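These notes concern the structure reproduced below.
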C-alpha cells in the first residue's frame with residue numbers, strides 16, 4: 046500500500062454536504078464546522094479532542110456554578126498614613142451612580158457520556174481491534190497518487206512554507222477524487238450496480254471486493270468523493286496505521302452539538318467515519334476526497350492546547366489552496382492577536398473583510414484590531430454598524446454589545462455609565478445562550494459573559510459608584526466562577542484565569558484601594574508558572590509570560606499605594622523579566638508601550654521619592670521616557686492627570702542630577718498635559734501650582750528671568766508657592 050493526498054473539492058464538497066446530510070453518504074461531514082445561521086467561532090470557543098455533549102437546559106431553572114475558592118481576593122487592611130509626596134495614581138470621580146450586583150446565570154451540567162479517543166491522543170487498546178476484514182490487507186487496494194504536480198491555486202506569499210509531499214490524495218484502484226472523469230471511472234471499474242441523482246450530484250454504487258460497497262459522487266462529470274463501506278467496523282488507530290496516516294495529526298469532525306462524527310486527515314483527503322457502539326467509536330466508512338482548505342482550518346480551530354505555531358502553519362496551507370478563504374484569514378487574525386502580533390493580525394483581518402465583508406463576527410474582529418492598533422474611531426463606527434443589523438443572531442449581538450462597551454470605556458470621551466449599560470446588555474443577551482446545546486453558540490456566549498463581567502468591574506473601578514469595592518468583588522468572583530465552569534465543561538482556555546487576576550488587581554489600583562495584593566498575586570504566579578511550564582509552543586509561552594508580567598505590573602501599582610516599596614520593586618523586576626522574555630515575539634501597540642513605560646516610571650519614582658536616590662531614578666526614567674511620550678493611548682485616557690505628573694516628577698530627578706535642559710523639557714511637557722486636563726475639566730487648576738513653581742525655579746537658576754517670571758505669575762494666579770519639588 047502507498048499513500049498520498051485528501052480533501053473536499055470546494056464547490057462539489059459544499060453541495061455534497063447537503064446530499065450527505067440527507068442520508069446519502071458522509072462526504073460533506075467536514076463542513077459541519079460551519080454552524081447553521083452564522084457559522085464561525087472565536088479562537089477561544091473551539092472544541093478539543095473530545096468535546097462533551099451538554100444536555101438541554103431544564104426549563105426555568107437557574108443554577109449558579111459553584112463559587113470559586115475565595116477567587117482573586119485582596120485582603121483589606123487599614124489605610125496607611127498619607128506621606129508628603131503627592132500620590133500619582135489618583136483617579137478623578139465624576140458623579141454618583143448606584144449599582145446592583147451581577148445576576149445569577151443558568152449553566153446546565155453536561156452529560157457524563159464520553160465521546161471518542163483519538164489516535165495519538167488516547168488510543169484504544171490494540172487488543173480490542175477486530176480482525177474480521179477479509180485478507181487483513183484490503184488497504185493495499187488504496188494506491189498512492191504521488192506525482193509532485195499540484196492542481197491547486199497557490200498563494201505565492203505562502204507557497205514557500207508548503208511542502209508538496211505532504212498534500213497528496215489517495216486513490217482507489219486508479220480513481221482519484223477531484224480528477225478522475227466519469228469516462229475514466231467506467232473504464233477502470235465498469236458500470237455501477239445502482240445510480241441515483243440528488244441536487245445535481247450523481248451517486249454511483251459499486252461492488253468492489255473486499256469492501257461491502259463503494260459509493261462514488263460525481264459532480265460536473267468528475268469524481269468528487271469516494272466513500273468506502275467497510276465489511277466490519279474497525280478501530281480508528283488501526284485504520285490510521287494501515288493507511289499510513291499514523292504520523293499525521295488528525296482532526297475530529299464534530300456535529301453542531303460537539304459530538305465527534307469522525308476523524309479527518311487534511312494532508313491526505315481521508316475521512317474516517319465513526320459508527321457508535323457500546324464498545325466505543327469504530328470506523329465503518331472511509332471517504333477519499335481531493336485536498337481542500339476546510340480540514341486544515343478545522344484542525345487549527347480544533348486545537349485547544351495552544352499550539353499557535355502549528356495552527357498558523359495549517360492556516361497557511363489552507364490559504365495556499367484558497368488565497369481568498371475568508372474564514373482562514375479571520376482565524377489567522379484571531380490567533381495572531383492572541384500571541385501579540387497585532388499588526389499582522391490587522392492585515393489578516395483586512396484580507397478576511399475583503400473576501401467576505403458581510404459576516405458580522407469577521408467585522409467585529411476587524412473593528413477590535415483597529416482599536417488595538419490605535420484607530421479607535423473607526424473601530425467604534427464599524428462595531429455600531431454591526432449592531433445596526435437586524436439579522437444578527439442573539440449571541441453575536443451580545444458579543445457586539447460587549448465590544449461596543451469596551452470601546453466606550455476607553456474612548457476619547459470616556460463614558461463609563463454608558464459602557465456599563467452595553468456590558469450589562471451583553472450579559473442579558475448571552476446568559477440564555479450559555480444553555481444552548483449547540484457547541485459553538487454556547488461557547489461564544491460563555492466567552493462573552495466572562496468578558497462582560499470583567500468589563501463591568503472595570504467600569505465600576507473607573508467610574509464613580511456607590512460602594513464600588515464591595516460590588517467589584519462580586520463581579521470578579523462571578524467572572525472566575527464562569528471561567529472555571531467554562532474550562533471544566535467546555536474546554537475553555539486556562540489562561541482566562543490570568544485575565545481575572547489581572548482585572549482584580551487593576552480594579553483595586555484604579556480605586557486607590559490599599560488592600561494586600563499578595564494573595565491574588567501569588568495565585569496568579571502559581572497558575573501562570575504552571576501554564577508556562579506546560580506550554581510546548583514558543584508563541585504560547587510568550588503569550589503567557591506577557592500576561593503574567595502584566596499581572597505583576599498591576600501588583601506594583603497596588604504595592605505603591607500601600608507604601609510597600611520594597612515589595613513593589615521586587616514585583617516590578619519580576620514583571621520586567623517576564624515582559625522582556627515575551628517582547629521579542631510580540632508587536633507593540635500604543636497601549637502596551639504605555640504599560641511598560643508606566644512600570645519603568647514607577648520603579649524610578651520609588652527611588653526618587655522614597656529613597657531619594659535620583660541617580661538610580663534617572664536610569665529608570667531614561668527607559669520610561671520614550672515609551673510614555675506622545676499621544677496617550679485611548680485605553681488609558683483616564684490617567685491623563687497623573688500622566689502629566691509623571692513628567693513633572695521625572696524633571697525633578699533630572700534636575701537633581703544636573704541635567705537641567707532635560708529637566709525643563711520634561712516638566713514643560715508635563716505642564717502641557719496637565720493644562721489640557723484642566724481645560725477638559727478632568728482636574729482642578731490648583732494641580733498646576735507645583736509644576737509652575739518648579740519651572741519658575743528652574744528657569745531662574747538657568748538665568749532665564751523672563752521665563753521664571755512667567756511661570757511664577759502663572760503659579761500666583763492659581764495659588765502661591767515657590768519651592769522646587
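Residue numbers (my numbering): 46 to 770. Just so it is clear, CB atoms sit at the ideal spot from N, CA and C, and this is done for glycine as well. Please read these numbers as outputs of a predicted model, since none were measured by experiment.
Check, Outcome
"What's the C-alpha gap between residue 591 and residue 624?", "5 Å"
"Any idea what DSSP makes of residue 260, helix, strand or coil?", "strand"
"So is residue 382 buried or exposed if we call it buried at 16+ other beta carbons inside 10 Å?", "buried"
"Who are the Cβ neighbours of residue 112 in its own chain at under 8 Å, not counting the five residues just before and after it?", "Confidence in residue 112 is poor, its pLDDT being 35 and thus under 50, which makes the residue's placement unreliable; the coordinate value appears in the next sentence. Cβ neighbours of residue 112 beyond the five flanking positions: 522, 526."
"Within 10 angstroms of its Cβ, does residue 67 collect 16 or more other Cβ (buried), or is it exposed?", "Its pLDDT being 25, under 50, residue 67 is placed unreliably in this model, and the coordinates cannot settle the point."
"Taking C-alpha atoms, which residue in 692, 230, 445, 547 lies nearest to residue 268?", "230"
"Mind reading off the beta-carbon distance from residue 336 to residue 314? Whole number of angstroms is fine, and I expect it under 8 Å.", "5 Å"
"Expressed to the nearest angstrom, what Euclidean distance is found between the alpha-carbon atoms of residue 696 and residue 497?", "40 Å"
"Just tell me which of 454, 397, 239, 432 has its CA closest to the CA of residue 416.", "454"
"Please determine if the region 720 to 728 and the region 741 to 754 are in contact, where contact requires at least 3 C-beta pairs separated by less than 8 Å.", "no"
"Does the contact criterion of 3 or more C-beta pairs under 8 Å hold for the region 592 to 609 versus the region 361 to 368?", "no"
"Could you tell me which uninterrupted alpha helix (DSSP H) segments, each at least 4 residues in length, are contained entirely in the region 723 to 763, listed from first to last along the chain?", "734 to 746, 750 to 763"
"Do you know offhand how far residue 448's Cα is from residue 437's?", "15 Å"
"Can you give the beta carbon distance from residue 330 to residue 275, rounded, assuming they're within the 8 Å contact cut?", "7 Å"
"Figure out for me which residue from 716, 547, 376 has the closest Cα to the Cα of residue 567.", "547"
"Classify residue 276 as helix, strand or coil using the three-state DSSP reduction.", "strand"
"Flag this pair as yes or no: are the beta carbons of residue 414 and residue 391 separated by less than 8 Å?", "yes"
"At the level of alpha carbons, what is the spacing between residue 626 and residue 318?", "44 Å"
"Considering only residues of the region 406 to 487, which uninterrupted beta strand (DSSP E) runs meet the minimum length of 3 residues and lie entirely inside it, listed in chain order?", "none"
"Have a look at 348, 352, 309, 321 and flag the residue whose alpha-carbon is nearest the alpha-carbon of residue 339.", "309"
"Are the CB atoms of residue 406 and residue 439 nearer to each other than 8 Å?", "no"
"For the 8 Å Cβ check, are there 3 or more pairs between the region 485 to 494 and the region 460 to 470?", "no"
"In terms of residues, what are the limits of the beta strand (DSSP E) holding residue 655?", "Careful: residue 655 lies outside any beta strand (DSSP E) and carries neither H nor E."
"Leaving out five residues before and five after residue 129 in sequence, what residues of the same chain have Cβ atoms less than 8 Å from its Cβ?", "Caution is warranted here: a pLDDT of 29 is assigned to residue 129, below 50, making its placement in the model unreliable, and no coordinate value can be reported."
"Alpha carbon to alpha carbon, what distance is there between residue 613 and residue 563?", "11 Å"
"How is the alpha helix (DSSP H) around residue 549 delimited, first residue to last?", "541 to 555"
"Under 6 Å Cβ to Cβ from residue 200, same chain only, skipping five residues before and after it: list those, please.", "Any reading at residue 200 must be qualified, since the residue scores a pLDDT of 34, below 50, and its modelled position is unreliable; the value itself is stated next. Result list for residue 200: 364, 365, 368, in chain order."
"Can you tell me which of 469, 473, 556, 537 puts its alpha carbon nearest to the alpha carbon of residue 511?", "556"
"May I ask you to list the residues that DSSP assigns as paired with residue 239?", "250"
"Taking 8 Å as the cut-off, does the region 466 to 481 touch the region 273 to 293 (at least 3 CB pairs, one atom from each stretch)?", "no"
"Measure how close the beta-carbons of residue 332 and residue 272 come, nearest whole angstrom, since I'm counting them as under 8 Å.", "5 Å"
"Determine the contact status of residue 501 and residue 543, defining contact as a CB-CB distance below 8 Å.", "no"
"Relative to the C-alpha of residue 634, which residue among 432, 681, 686 is closest?", "681"
"Residue 329 bridges to which residues according to DSSP?", "Answer by DSSP bridge pairing: none, since residue 329 is not bridged."
"Going by alpha carbons, who is nearest to residue 218 out of 252, 663, 611?", "252"
"Are residue 698 and residue 659 closer than 8 Å when you measure CB to CB?", "yes"
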